[in-house]
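Protein chains in written order, with our numbering: chain D, 1 to 427; chain Y, 1001 to 1521.
Every residue gets a Cβ at the ideal spot worked out from N, C-alpha and C, and that includes glycine.
Computed from a predicted structure; not experimentally measured.
Heads up, the thing below is written out as structure tokens.
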Amino acid sequence: MSDAAFLDHGTGPGCRDVRQERGQREVFCGLTSIVWMHRKIQDAFFLVVGSRTCAHLVQSAAGVMIFAEPRFATAIIDERDLAGLADLDDELDRVVGRLVERRPDIRLLFLVGSCPSEVIKLDLSRAAARLSTRFMPECRVLSYSGSGIETTFTQGEDNCLAGLVHEMPREAAGAAPSLLVVGALADVVEDQFRTLFAGLGIADVRFLPPRQGRSLPAVGAGTRMLLAQPYLAETARLLEGRGARLLPAPFPFGAEGTTAWLRAAAQAFGVDRGRFDAVTGPGRARAQAAVARRGADLAGKRVFFFPDSQLEVPLARFLARECGMEPVEVGTPYLHRQHLAAELDMLPAAARIVEGQDVDLQLDRCRAARPDLTVCGLGLANPLEAEGFATKWSIELLFSPTQGYEQAGDLADLFARPLRRRALLEV
Amino acid sequence: MQLTLWTYEGPPHVGAMRIAASMTGVHYVLHAPQGDTYADLLFTMIERRDSRPPVTYSTFQARDLGGDTAELFKTAARQAYERFRPDVMLVGASCTAELIQDDPGGLARALALPIPVVPLELPAYQKKENWGAAETFLQLVRALAAPGARAERSASVSSRPPSCNILGATALGFRNRDDVPEVRRILERLGIEVRVVAPLGATAADIARLGEADFNVVLYPEIAQRTADWLKRTFGQPMTTVVPIGVGATRDFIAEVKTLAGIDKSFGREQTRLPWYARSVDSTYLTGKRVFVFGDATHAIAAARVASRELGFEVVGLGTYSREFAREVRAAAAGYGIEALITDDYLDVEAHVASLQPELVLGSQMERHIAKRLGIPAAVISAPVHVQDFPARTSPQMGFEGANVLFDTWVHPLMMGLEEHLVTMFRDDFEFGEGRAPSHLGHAPAPAAPAEVQATESPAAAAPAAGSPVPWTLDAEKELRKVPFFVRGKARRNTEAYAGTRGIALITVETLYDAKAHFGR
Ligand code: SF4
Ligand code: SF4
């Protein structure tokens, strides 16, 4: 299990030593992405086809108290289905029928594959095609995998968006270049970016996922795409297949990351330097000031990342370069070397990058390193706190608006708060 | 295939985790994909546990399938043994591993570890969390309970005080943490020695000693009944049948353990306020409040008894998601002249509550959620648990102090007596407006039916009047709106029922007041 190895990936840009681990993982599966995706795409519903475990996972990750009825559910496979007493296709049709009747407002239904549905080789893409014919035009049915044997946490979003790529309309030939921002962002962040792009004179900006699943943006040879999230390998690959051109950039965390990210778009659209500086200057200054206010709590502190969302490398870069922290270990479930090339170049050389996981070995290393702050998942946070480590639960980094200038201070604060809190408590 | 929005119970392997996490020196090696590690957060976040639950997952991936998933499991088991050095190991499969049929029991046996290894067969597509916990506890006890323990008991029978074990409390159990000390105090006051509490806090060595006690206290039948049955067959230990929730049940419990222990010691003064609080005049407003009860079987049956006999409520609905105990719940419901609701379908429960329009809901966090949406006061009496169900203060459900807690918790969400009258008299006071919460609660309940809820509910839930589709005149509707919101549901229901039985085709203001006179109390 613990066959770890240092692999040398040459000496080109983005290449550095990466420790590979293949042991016990302590990471959510891709189903968990549903927790934010069902809020992002407002006319979509996510139906997991899986086991009671899958239902329990999504429910536990979302918390029992959801303010409105969630737009996700599970079709739980039972013994009759497995024994062949019930025809799986018929059963699925019946469940989807009941669901569509209950939620006539649904325009886009995702059948989400799970470990059990994949192991029994239930063909959800075929089922989706069949059901789509039945419910179109009111409701389109698509499928993707969020299973734990295929996907880790945020890869569920990647697969979901990849599923949408096939459905995106084709851009008319010769259309003017447009910008496609890929990856779910908080609505407020999306609006801020829209304003900034408009200021730069980039008028045609589209977002994937859209807030309404029925209004998918068109894609074609004129599409320039900017990734808002580092975990979108498959989506980006398929978009390139449809003619879109990737604008390589760091990710929009912090003043520096956001500026570089915006600049990649500005350069592709020929925005002149003066205009770029004028438009981004105020936000950038605000971000720098806001981060500086929290910087005092973070400067000189050592941080250790357990793998979780694939955001670890950009976040470590932000903490190192803008907050003065020292990343000791940056664990990530998967490292997309190409999409992270710019980030890897900016990450201090001393930071140990670990791809994959062997949770017990990693805990040993964490205890030995005695970092000032440990970023980890919900299963590890309280136990580490009890051992005396200040922790930041990583899931909050995905559920809070963190990208862009106006959120840079909040982002720094998410890391500073656990430290401030410890200093505050006298019990 | 079952459409599920929310589930009351997790899969059976989560039940097994609860047993492992309850004990010390037990480690569970689970053949499962990475996502199943989410279950750790139930313990570390909901229960605020300060250590990881003692579980190692093999976390196989698609690329391992058809290759060496079995080898992965063996490595995980071996490494878990070397790292954690447990006294006993549980091994088993989650839902996905069950499908790939690697036989964790056989694989672990092949490792020839120098400790007992208990293989668990928990059919994930058939059974659920509580069953998984009960089965795991039983298998652990069967594997570890020393046959010699009984001999030791008979040898020293006269020289020792009577003794018992307390069985069934677990990690993530609803208030189990506080119930155990409460019940222990009762037993010790009677001069009964508590030998082993299990699984919560027990070691493998404790399990070996189970046979030494004279009898078993079954604290929570969902988890402990099958083990207690086995102990009775194997060691001849009798067991309790009363769960001491509420004053009456606690008294019955005391009588029962005295018989089992063969003692006639008086319990002495009961530290209970519930009987007086329930009799004090300000409690008259509780009389006949219509209450809906739903939860696991143990807590639901007990809550119905307390609600009806100790607080003077009217139990209008009683149900459980514990199908294994459907018979007991049906019998209890029959005692209130109602039919039990046996379901694990959240939507069924929601529709049921909506059609009954009770004045108080006693249920799990799920029913609290339903009640919140329908604007009905609610209190939580049962798992599934939430972080709020692990309060910092001691808050038992069992014993006399538990009964005091029940009084507070159930009465608190309701409007207080005089306040209720004032609202009725001066309902036009602007501060008594729609959806006002009881004044001692800071937050207002959600308005009865926000737009989104309306749009998304099942047809039965969207129309509380289902089954009695008698239309209302505009004036009657207006008059109904003058009825305070917290009894309006009942007024509507009563009027419609009244109209239904009299064959009235259109409800007028007149009908409303006729019905009020008819049902008036
Ligand atoms: S985080 Fe707070 S509000 Fe949300 S589910 Fe947990 S306790 Fe409830
Ligand atoms: S890891 Fe697989 S079985 Fe477990 S919850 Fe995720 S999809 Fe379901």
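- If only complete runs of 3 or more residues are kept, the segment 1026–1077 of chain Y shows the beta strand (DSSP E) at 1026–1031, 1055–1057, in order along the chain.
- For Tyr1038(Y), the shortest separation between its Cβ and any heavy atom of ligand 2 lies below 8 Å.
- Of the heavy atoms belonging to ligand 2, none sits nearer than 8 Å to the Cβ of Ile120(D).
- Inside the segment 171–252 of chain D, DSSP marks whole alpha helix (DSSP H) runs of 4 or more residues at positions 187–200, 233–241, from first to last along the chain.
- Interface flag for Asn159(D) against chain Y is unset, since no Cβ pair is found closer than 9 Å.
- Per DSSP, Arg1226(Y) lies in no beta strand (DSSP E); the unbroken alpha helix (DSSP H) holding it starts and ends at 1221–1235.
- If you check the C-beta of Thr1007(Y) against ligand 2, you find no heavy atom less than 8 Å away.
- The beta carbon of Tyr1028(Y) does not come within 9 Å of any beta carbon belonging to chain D, so the residue lies off that interface.
- Cα atoms of Trp1131(Y) and Leu1210(Y): separation of roughly 21 Å, rounded to the nearest angstrom.
- For the beta strand (DSSP E) assignment, the uninterrupted runs of no fewer than 3 residues enclosed by the segment 1279–1346 of chain Y are, from N- to C-terminal side, 1290–1295, 1314–1320.
- Residue contact check for Val1361(Y) against chain D: no CB pair falls below 9 Å.
- Ala1304(Y) is positioned such that its CB atom lies no closer than 9 Å to that of Phe1235(Y).
- Between Ile1381(Y) and chain D, the shortest Cβ-Cβ separation is not below 9 Å.
- Under the three-state reduction of DSSP output, Gly274(D) falls in the helix class.
- Minimum Cα-Cα distance from Gln59(D) among the listed residues Arg80(D), Leu122(D), Ile34(D), Asp43(D) corresponds to Ile34(D).
- With the rule of 3 Cβ pairs closer than 8 Å, the segment 268–280 of chain D counts as touching the segment 199–217 of chain D.
- Linking Pro1484(Y) to Val1353(Y) through their CA atoms gives a straight-line distance of about 19 Å.
- The C-beta separation of Arg1078(Y) from Leu1111(Y) comes to about 6 Å, placing the pair in contact by the 8 Å criterion.
- DSSP lists Val1196(Y), Asn1216(Y) as the beta-bridge partner residues of Asn1165(Y).
- Look at the segment 306–365 of chain D and you find these whole runs of alpha helix (DSSP H), each 4 residues long or longer: 312–323, 341–346.
- Of all residues in the segment 1117–1128 of chain Y, those with a C-beta nearer than 8 Å to a C-beta of chain D are Pro1123, Ala1124, Tyr1125, Gln1126, Lys1128, reading in chain order.
- At a beta-carbon threshold of 7 Å, the residues of chain Y lying near Glu91(D) are Met1001, ordered along the chain.
- Cβ proximity to chain Y below 9 Å picks out nothing from the segment 265–289 of chain D.
- With a contact defined as Cβ atoms closer than 8 Å, Leu1172(Y) and Ala1228(Y) miss out at about 20 Å.
- Distance from the CA of Ala1202(Y) to the CA of Arg1327(Y), rounded to the nearest whole angstrom, comes to 31 Å.
- At the C-beta level, Val48(D) and Ser114(D) come within 9 Å of one another.
- Leu425(D) counts as exposed, since fewer than 16 other C-beta atoms from the protein chains shown sit within 10 angstroms of its C-beta.
- Residue burial is scored here from C-beta neighbours: Lys121(D) has fewer than 16 other C-beta atoms within 10 angstroms and is therefore classed as exposed.
- Where Ser143(D) is concerned, the enclosing beta strand (DSSP E) starts and stops at 140–145.
- When DSSP states are grouped into helix, strand and coil, Ile1381(Y) belongs to the coil group.
- For Gln1034(Y), the shortest C-beta to heavy atom distance toward ligand 2 is below 8 Å.
- At a cut-off of 8 Å, the beta-carbon of Ser1094(Y) counts as near ligand 2: some heavy atom of the ligand is closer than that.
- Among the residues of the segment 1093–1110 of chain Y, those with a Cβ less than 7 Å away from any Cβ of chain D are Ser1094, Cys1095, Thr1096, Leu1099, Ile1100, in the order of the chain.
- Neighbours of Ile77(D) in chain Y, taken as residues at a C-beta separation under 8 Å, are given in chain order as Met1001, Tyr1125.
- Residue environment analysis places Ser147(D) among the buried positions, since at least 16 neighbouring C-beta atoms fall within 10 angstroms of its C-beta.
- Annotated three-state conformation of Gly1173(Y) is coil, per DSSP.
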